[in-house]
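*Asks:* Encoded as structure tokens, here's the structure I'll be asking about.
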Amino acid sequence: MSKLRVGLLFGGRSEEHEVSIMSARSVFTAADPEKYEIIPVAISKEGYWLDSGQSREILLDETVTAVQKGKEGSIPTSVIPFLKERLDLVFPVLHGPYGEDGKIQGLFEILDIPYVGAGVMSSAIGMDKAIMKELFSYWGLPQAKYKVFYASKMTGDLTALKREIESGIGWPCFIKPANLGSSIGINKVHYPGELEQAIKEGFKHDRKIIIEEFIKGREIECSVLGNEKPVVSLPGEIRPKHEFYDYEAKYIDESTELVIPAPLDDELVEEVKELAVSAFRAIDARGFARVDFFLRDLDNKLILNEINTIPGFTRYSMYPKLWEVSGISYRELIDRLIDLALEWQSEQ
């Protein structure tokens with residue numbers, strides 16, 4: 006039986022570039038060599054696509070944290086190295102914009118290549134928190150209070166906005182770029198005097214931001230796997246030592262505690278799973294996703310935070326760790342995701 010030639014795309018133009026490299030190293034190391042020939046394709050922050058030889062060197066050298074521009078003669082955004090490969094399937098671990106937002110998925114669709122993960126529309130919705138939240142509202146899923154604010158509305162006087170937050174969302178609140186992940190660009194605003202700086206920081210990353218209610222409670226996450234009949238892992242709990250689960254707490258500071266499975270009663274576990282499937286289906290996702298919740302201290306109520314269609318996929322990331330405790334090893338998880346992608350393609 007011949008091996009599947011699997012293109013492993015990583016790096017990319019997103020600010021989650023470094024996380025993507027870590028995820029790709031884990032997949033590259035763990036994928037079954039008897040089943041797959043992994044063809045790595047790195048994309049630099051400038052948009053250069055490297056050939057498989059250069060890309061493999063990056064994955065094998067753990068001191069490399071970013072994809073460099075590439076050899077002389079490379080062309081920004083050129084997909085020539087990628088197109089030269091005869092691939093059976095693509096496994097993208099491109100977190101954030103230009104990888105998780107439907108853009109790269111559109112290329113795979115044009116080329117008629119099966120790929121792991123959500124489709125074009127689902128990826129775009131999952132990336133854009135503003136649209137995602139509107140869709141969750143339509144489905145009647147429990148969420149924190151929020152407001153979408155555009156850079157075009159930014160003026161020197163934020164008095165009206167502060168009043169709106171005061172009456173509708175409350176202090177403290179969170180400011181989040183609408184299209185980004187890994188908690189990049191997120192700030193907790195404790196009082197009105199901190200608002201302007203937090204908004205300016207958010208607009209460095211996106212043209213629109215989410216102003217969201219602060220939920221005092223526990224942070225719960227679970228993993229979803231499947232196409233038309235998704236299954237859900239046991240939930241886990243994040244216990245950051247930082248004020249909130251920011252980029253440093255996720256990837257740098259090792260003091261964050263991951264409690265797997267989360268200490269929840271059976272009824273809450275089932276509710277987490279049901280809401281996770283509802284979120285997955287609300288955006289018409291497929292393949293895999295991580296769904297994040299708050300368990301509110303005030304009333305022990307679950308609040309849906311967001312869905313991630315290409316979650317962190319290092320060996321130490323929450324998504325695979327939850328499946329490991331739920332009975333699926335990291336290597337088997339790779340197998341299942343590839344099988345799901347091929348299954349989807351065969352049914353189209």
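The sequence shown begins at 6 in the numbering used here and counts up by one.
All C-beta atoms in this analysis are idealised placements derived from N, C-alpha and C, irrespective of residue type, glycine included.
Source: prediction; values computed, not measured.
In the DSSP assignment, what residue or residues form a beta bridge with I170?
*Replies:* Per DSSP, none; premise fails for I170.
*Asks:* For K150, which option in P240, F179, R168 has the closest C-alpha, if you only look at C-alpha atoms?
*Replies:* Ranking the options by Cα distance to K150, first place goes to F179.
*Asks:* Assuming I128 contacts D106 under a Cβ cut-off of 8 Å, what Cβ separation, rounded to an integer in Å, is found between them?
*Replies:* As written in the sequence, residue 128 is Ser, which differs from the Ile given in the question. So it is a contact: roughly 6 Å between Cβ atoms.
*Asks:* From which residue to which residue does the alpha helix (DSSP H) around P325 run?
*Replies:* First-last of the alpha helix (DSSP H) with P325: 323 to 330.
*Asks:* Would you tell me roughly how many angstroms separate the C-alpha atoms of A71 and D304, rounded to the nearest one?
*Replies:* Distance between the alpha carbons of A71 and D304: 44 Å.
*Asks:* Just list the residues that DSSP pairs L13 with in beta bridges.
*Replies:* Answer is P45, F96.
*Asks:* Hey, is the segment 274 to 287 in contact with the segment 332 to 348, meaning 3+ C-beta pairs nearer than 8 Å?
*Replies:* They do not touch, by the three-pair rule.
*Asks:* Return the chain-ordered list of same chain residues with a C-beta closer than 7 Å to the C-beta of M27, the five sequence neighbours on each side being excluded.
*Replies:* The residues are T319.
*Asks:* Relative to the alpha-carbon of M126, which residue among G111, I115, I118, D117 has its alpha-carbon at the smallest distance?
*Replies:* Checked all of G111, I115, I118, D117; the closest Cα to M126 is G111.
*Asks:* Can you tell which of P245, S25, K213, L239 has the C-alpha that lies nearest to the C-alpha of Y103?
*Replies:* The shortest Cα separation from Y103 among P245, S25, K213, L239 belongs to S25.
*Asks:* With a threshold of 16 other CB atoms inside 10 Å of the CB of K8, please say whether the residue is buried or exposed.
*Replies:* Classification of K8: exposed, given that the 10 Å Cβ count is below 16.
*Asks:* For V121, which residues of its own chain have a beta-carbon under 8 Å away from its beta-carbon, when the five flanking residues on both sides are left out?
*Replies:* Result list for V121: L94, V95, F96, P97, G292, F293, L342, I343, L345, A346, in chain order.
*Asks:* Taking 8 Å as the cut-off, does the segment 143 to 158 touch the segment 308 to 326 (at least 3 CB pairs, one atom from each stretch)?
*Replies:* Yes, the segment 308 to 326 touches the segment 143 to 158.
*Asks:* What do you get for Q164, buried or exposed, if any count of 16 or more other CB atoms within 10 angstroms of its CB means buried?
*Replies:* Note that residue 164 is Thr in the sequence shown, not Gln. Its Cβ having fewer than 16 others within 10 Å, T164 is exposed.
*Asks:* Count the other C-beta atoms from every protein chain shown that fall within 10 angstroms of the C-beta of W328, then say buried if there are 16 or more, exposed otherwise.
*Replies:* Under this definition W328 is a buried residue.
*Asks:* So A29 packs on L64, CB below 8 Å; how close in whole Å?
*Replies:* Their Cβ separation, rounded to whole angstroms, is 6 Å, which keeps A29 and L64 in contact under 8 Å.
*Asks:* Could you check where the beta strand (DSSP E) with Y155 kicks off and where it finishes?
*Replies:* Here the beta strand (DSSP E) through Y155 covers 151 to 155.
*Asks:* What separation, rounded to the nearest whole angstrom, lies between the Cα atoms of S49 and G207?
*Replies:* About 24 Å.
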